Structure formats: structure tokens, C-alpha cells
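A.B. asks: Going by UniProt numbering, the sequence shown opens with residue 1, and the numbers climb by one from there.
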Amino acid sequence: MNRKIHQLCMLLAATVTTLWWPRTCLIITAVDADPQINLLNRGCSQYNITNASEFYTNLNATFSDLRTQLMENSSHFATAQQVRGSNPVYAMVQCRNYLTAADCVACFTAAVSQIRNCSAANGGRVIYDGCFLRHL
Numbered sequence: 001m002n003r004k005i006h007q008l009c010m011l012l013a014a015t016v017t018t019l020w021w022p023r024t025c026l027i028i029t030a031v032d033a034d035p036q037i038n039l040l041n042r043g044c045s046q047y048n049i050t051n052a053s054e055f056y057t058n059l060n061a062t063f064s065d066l067r068t069q070l071m072e073n074s075s076h077f078a079t080a081q082q083v084r085g086s087n088p089v090y091a092m093v094q095c096r097n098y099l100t101a102a103d104c105v106a107c108f109t110a111a112v113s114q115i116r117n118c119s120a121a122n123g124g125r126v127i128y129d130g131c132f133l134r135h136l
């Protein structure tokens with residue numbers, strides 16, 4: 001390795017993790033978490049629920065099930081449903097494959113927070129650049 005590259009490698013070693021072999025310098029940097037929660041689209045159903053207490057119980061249980069699936073399976077896709085009473089809830093979430101499991105869950109958490117703004121609507125969708133969530 002020529003002298004200038006060696007000097008650069010030594011200089012970088014002070015600021016980032018580097019591995020040095022006789023002829024190469026490998027620079028390793030830490031990647032910050034990025035759940036990619038830039039809101040692209042949000043929509044709420046024009047139809048309202050008939051029984052708020054029952055609906056929110058089903059909605060909360062459905063979102064909890066989705067979160068559990070994402071965390072336990074390190075999956076980037078999950079579906080869930082709660083069909084108790086007259087206000088059943090069906091939901092799905094999907095994250096981009098390149099997100100880490102933690103970033104997928106973080107994106108899902110942000111989507112849940114955003115979709116709750118639909119209040120009394122019986123369905124909604126949130127699309128971030130890293131994931132989307134839909135319930136009806």
C-alpha cells in the first residue's frame with residue numbers, strides 16, 4: 001500500500017473503526033438506526049364505527065398482535081384480526097426488506113400513532129417510506 005493511503009488509514013483510525021492489513025485498509029462505520037418514517041400518504045375511511053369501546057378493544061389487540069409478530073419472528077410482514085362483536089378489525093403491516101427488525105418495529109410504532117388520528121373511522125392506512133399499515 002502506498003504511503004498516502006497508509007497515512008489516510010491511520011488518520012481515519014482515530015475517528016472510525018478500521019482494520020488494516022499489509023495491503024489494504026478496511027473502514028468500518030456504524031450505521032445509525034433509520035426506521036424511514038417520512039409520511040408519504042395517510043387516509044381514513046369515510047365510514048364510522050358503531051361501538052367505540054368494542055372497536056378500540058379489537059383495534060388495540062390487533063395492533064398488539066402485529067407488533068408481537070414483527071418482534072418475535074423478525075419478520076417484515078404481519079397480518080392480524082380481532083372479530084369479536086359487531087366491529088371486527090383486520091390489519092396488515094409490511095416493512096421494506098432492508099430495514100432491520102428494530103427499524104421495522106419503530107416504523108410500525110410510528111404508523112400506529114399516525115393511524116390513530118383516524119379516530120372514529122372504521123379503517124385507515126398510513127404509508128411511510130419504510131413501511132405501511134392498513135386496517136379495516
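By construction, the Cβ of each residue, glycine as well, lies at the ideal position given by its N, Cα and C atoms. All values derive from a computational prediction rather than experimental measurement.
#1: Starting from the C-beta of N75, find all residues in its chain whose C-beta is less than 7 Å away, skip the five residues before and the five after it, and write them out in chain order.
#2: If I'm right that V112 touches L133 with Cβ under 8 Å, what's the distance once you round it to whole angstroms?
#3: Please determine, among Y98, F108 and S45, the residue with the shortest C-alpha to C-alpha distance to residue 140.
#4: For the alpha helix (DSSP H) that R67 lies in, which residues bound it at each end?
#5: Locate the beta strand (DSSP E) running through C95, then write down its first and last residues.
#6: Tell me, please, which residues DSSP counts as bridged to L136.
#7: How is T109 classed by DSSP in three states: helix, strand or coil?
#8: Rounded to whole angstroms, what's the CA-CA distance from G124 to C44? Just pull it up for me.
#9: Just curious, the beta strand (DSSP E) that L40 is in, first and last residue?
#10: Pull up the DSSP beta-bridge partners for A33, would you.
C.D. replies: Let's see:
#1: It should be noted that the sequence gives Ser, not Asn, for residue 75. Within the same chain, Cβ atoms closer than 7 Å to the Cβ of S75 are found at Q69, the five residues on either side in sequence being excluded.
#2: The Cβ separation is near 7 Å, so the contact holds.
#3: One cannot answer for residue 140 here, as it falls past the ends of the chain, which runs 1 to 136.
#4: A52 to N73 is the extent of the alpha helix (DSSP H) around R67.
#5: Start and end: V89 to C95.
#6: Answer is none; L136 lacks a bridge partner.
#7: In this structure, DSSP gives T109 a helical state, which the three-state scheme calls helix.
#8: Approximately 4 Å, taken between the alpha carbons.
#9: L39 to C44 is the extent of the beta strand (DSSP E) around L40.
#10: DSSP, once it has assigned bridges, lists no residue as partnering A33.
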